[in-house]
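First the structure, in the form of structure tokens, and then the observations on it.
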Ligand SMILES: Cc1ncc(C[n+]2csc(CCOP(=O)(O)OP(=O)(O)O)c2C)c(N)n1
Ligand SMILES: [Mg+2]
């Protein structure tokens, strides 16, 4: 590990079998759900912008399992997997993408705006960097009310260029707030590669300049992500101040369904696919004698079944009546 | 020659880049990616990374840099992906670009063009669908344009660049794929005025006043009404600041009735401003109170049926016209 906490080379021990299987199962659940989403987009069941997380599943999976149920989570528009692992039922996620009233945001938000207040999932935010100041404020509220919890804030590396990143980072450090900044560095912001947008491409150095402790980790390795996030979360819990973790990852698909991917070589994508988080982890488990091919197929079949049920649920769900158009602009019942 | 709005805009940008070395295009994904709406596709290879300048996600930073470059003698065209994201740059636009001329006692000008997409209709939900043209139209010191036709998409950029002061151009996202005939004589001067509103369809019984993405809906409504023998005029504002009150007043005092269509929310809308001017100028010529068709007072929802219900639609315009005419 170097001074900004480089854990990219760290090799960790294999977790207990049930937990290892849980990690794999969750990555599969995200993958199968999103593959179905892409298909449903083609069938025009899902509309608007759809940003797939395919290739990056190890990040949300490893990180979410390092959080407590009482923690806050703030995410971006590429948040289907985060919502799912936070415990938002796949039915409600799928219904949201269909625009149905049974969706987790009543069909008002769609793919980019999944919310679940009861699970402290404060949304998919589609303004790049928009979530960081919000996370700082959630943590501030906890601090002021004497509540001990971590606020985890996911964002892409593109957000690092926004003022909101720098202002949020500084506030969190200055006020020593318990924010866990989780940067999913997939090397591209739409078509703009990191080294075409940042003079300093070592993101940990930026966070460190605000005196925020950092860790950098291989985001294709679910165990490494989990271990790093556990360490970071523990430090936040114990010491109260913020922490910055960078996951080095890659999206295998286009930025959104509108992106013809003119800006990168197929070869680069293929190279990263070799390090796909699902097959590399299952290969490791198999090599360690912790997973059989049948075991893998069982987990996969369970994921497929969950997806099929979610799609059926979303299909059958009702549309919100148009008469309700003006609801939820302000809070009924007035001031508290 | 039939061209799309996207292509017309592309040609206008191309002309500007070819004809003036001071012109450059700057914004998120304008280069390698080819432009969010593919307007600048191919430019990166043709003009290079200096003049087709990809920026990081730093709206405040690069819009501010555009202002500085304009002060420094360049003619920047800054593209902001959508009006929602322009809010991150609002400080630079409102507190710098619009004010520098005045605050310096007339010593400096900011010849900057800012282009941005606006509007709803593609199920992109609340953070990608709003129409905030009226916010900009509120500010003295900037000119605000809303090209709604292919000819305006082709012709408004050159005069905007020639304007010594900041110009904000709103391109409604639903217009990019619209098509129309464009004259294609060689050496054609595409330049159009950026002063006046335009009558897009002459009519006698009522004036429908609109702009941007609502123009095709207003024309569709007018067609439908015409089939029932109701002849309405359609006026396209084109220039949202300064508003062309003369053309509005001339039309309304002739037709004696007005329906104003605006994708912005009714409260504090551009439609409200137009209505106020009609009342100020044409009160005694009016045969009925003017009526507005605006977006409902709700953030734009994702679900299709809800989004449709939130926005002005041809059917709502037809109903409003019938209400005013009592037919
Ligand atoms: C303020 C703002 N500017 C621009 C956009 C358009 N946009 C959406 S996603 C995106 C790329 C963001 O990249 P990154 O933060 O790396 O996240 P990733 O998509 O790679 O997960 C851009 C430019 C936006 N949503 N918000
Ligand atoms: Mg990225």
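Chains as they are written, first to last, in our numbering: chain W, 16 to 351; chain Y, 311 to 637.
Beta carbons are placed, not taken as given, at the ideal position from N, Cα and C, and that holds for glycine.
All values reported here derive from a predicted model rather than from experimental measurement.
Contacts that residue 141 of chain W makes with chain Y (C-beta to C-beta distance below 8 Å): 435, 437 and 438
Residue-chain proximity (residue 66 of chain W, chain Y), Cβ-Cβ < 8 Å: no
Continuous alpha helix (DSSP H) stretch holding residue 445 of chain Y: start and end: 443-447
Partners in chain Y for residue 95 of chain W, counting only beta-carbon separations shorter than 9 Å: Near residue 95 of chain W there are no residues of chain Y at all, since even the closest Cβ is about 14 Å away, more than 9 Å.
Beta carbon proximity, residue 368 of chain Y to chain W, threshold 8 Å: yes
Any C-beta of chain Y under 8 Å from that of residue 17 of chain W: Confidence at residue 17 of chain W is low in this model, with a pLDDT of 49, below 50, so the placement of that residue should be treated as unreliable; the coordinate-derived value is given next. Not an interface residue.
Residue 322 of chain Y burial status per 10 Å Cβ neighbour count (16 or more: buried): buried
Proximal residues of chain Y, C-beta to C-beta of residue 176 of chain W below 9 Å: 365, 366, 367, 368 and 371
DSSP three-state assignment for residue 204 of chain W, whether helix, strand or coil: strand
6 Å CB neighbourhood of residue 75 of chain W in its chain, flanking five on each side removed: 96, 97 and 100
Among Y:611, Y:609, Y:568 and Y:335, the one whose alpha carbon lies nearest that of residue 652 of chain Y: Coverage of chain Y is limited to positions 311 through 637, which leaves residue 652 of chain Y absent and any answer about it impossible.
DSSP state of residue 488 of chain Y mapped onto helix, strand, coil: In the structure shown, residue 488 of chain Y sits in coil (DSSP, three-state: anything other than H, G, I, E or B).
Neighbour list for residue 204 of chain W in chain Y, Cβ cutoff strictly below 9 Å: 338, 339, 366 and 367
Residues of the region 608-631 of chain Y whose Cβ lies closer than 8 Å to any Cβ of chain W, in chain order: Correct list: 608, 609, 611, 612, 613, 614, 615, 616, 619 and 620.
Closest by C-alpha distance to residue 250 of chain W, when choosing among W:194, W:51 and W:336: W:194
Within-8 Å CB hit, residue 286 of chain W to chain Y: no
Below-8 Å beta-carbon distance, residue 220 of chain W vs any chain Y residue: no
Whole-angstrom C-beta distance between residue 127 of chain W and residue 435 of chain Y, which should lie under 8 Å: 6 Å
For residue 605 of chain Y, three-class secondary structure by DSSP: strand
Test item: CB-CB of residue 558 of chain Y and residue 602 of chain Y under 8 Å: no
Residue span of the alpha helix (DSSP H) that contains residue 319 of chain W, given as start and end: 308-331
Per-residue burial, residue 278 of chain W [other beta carbons within 10 Å of its own, 16 or more giving buried]: Counting the other Cβ atoms within 10 Å of the Cβ of residue 278 of chain W gives 16 or more, which makes it buried.
Cβ of residue 212 of chain W within 8 Å of any chain Y Cβ: yes
Residue 401 of chain Y vs residue 364 of chain Y beta-carbon contact at 8 Å: no
Contact with chain Y by residue 127 of chain W, beta-carbon distance below 8 Å: yes
Proximity test, Cβ basis, 8 Å: residue 583 of chain Y and chain W: It does not; no Cβ of chain W falls within 8 Å.
Proximal residues, the region 327-348 of chain W versus chain Y, C-beta separation under 7 Å: 334, 335, 337, 340, 341 and 344
Closer than 7 Å: residue 94 of chain W CB and nearest ligand 1 heavy atom: Taking the Cβ of residue 94 of chain W as the reference point, every heavy atom of ligand 1 lies at 7 Å or farther away.
Ligand 1 heavy atom lying under 7 Å from the CB of residue 483 of chain Y: Ligand 1 has no heavy atom closer than 7 Å to the beta-carbon of residue 483 of chain Y.
Cβ pair residue 174 of chain W, residue 180 of chain W closer than 8 Å: yes
Residue span of the alpha helix (DSSP H) that contains residue 109 of chain W, given as start and end: 105-113
Candidates W:256, W:300 and W:268: closest to residue 285 of chain W by CA position: Of the listed residues, the one whose Cα sits closest to residue 285 of chain W is W:268.
Residue 412 of chain Y to residue 290 of chain W span [Cα, whole Å]: 58 Å
Cut-off 8 Å between Cβ atoms - residues of its own chain near residue 545 of chain Y, not counting five sequence neighbours on either side: 507, 508, 509, 510, 517, 518, 519, 520, 557, 558 and 561
Residues that residue 310 of chain W contacts on chain Y, provided the C-beta gap is smaller than 7 Å: Going along chain Y, no residue has its Cβ under 7 Å from residue 310 of chain W, so there is no contact; the nearest lies around 39 Å.
Where residue 315 of chain Y falls, given that 16 or more other Cβ within 10 Å makes a residue buried: Around the beta carbon of residue 315 of chain Y, a 10 Å sphere encloses 16 or more other beta carbons of the protein chains shown; the residue is thus reported as buried.
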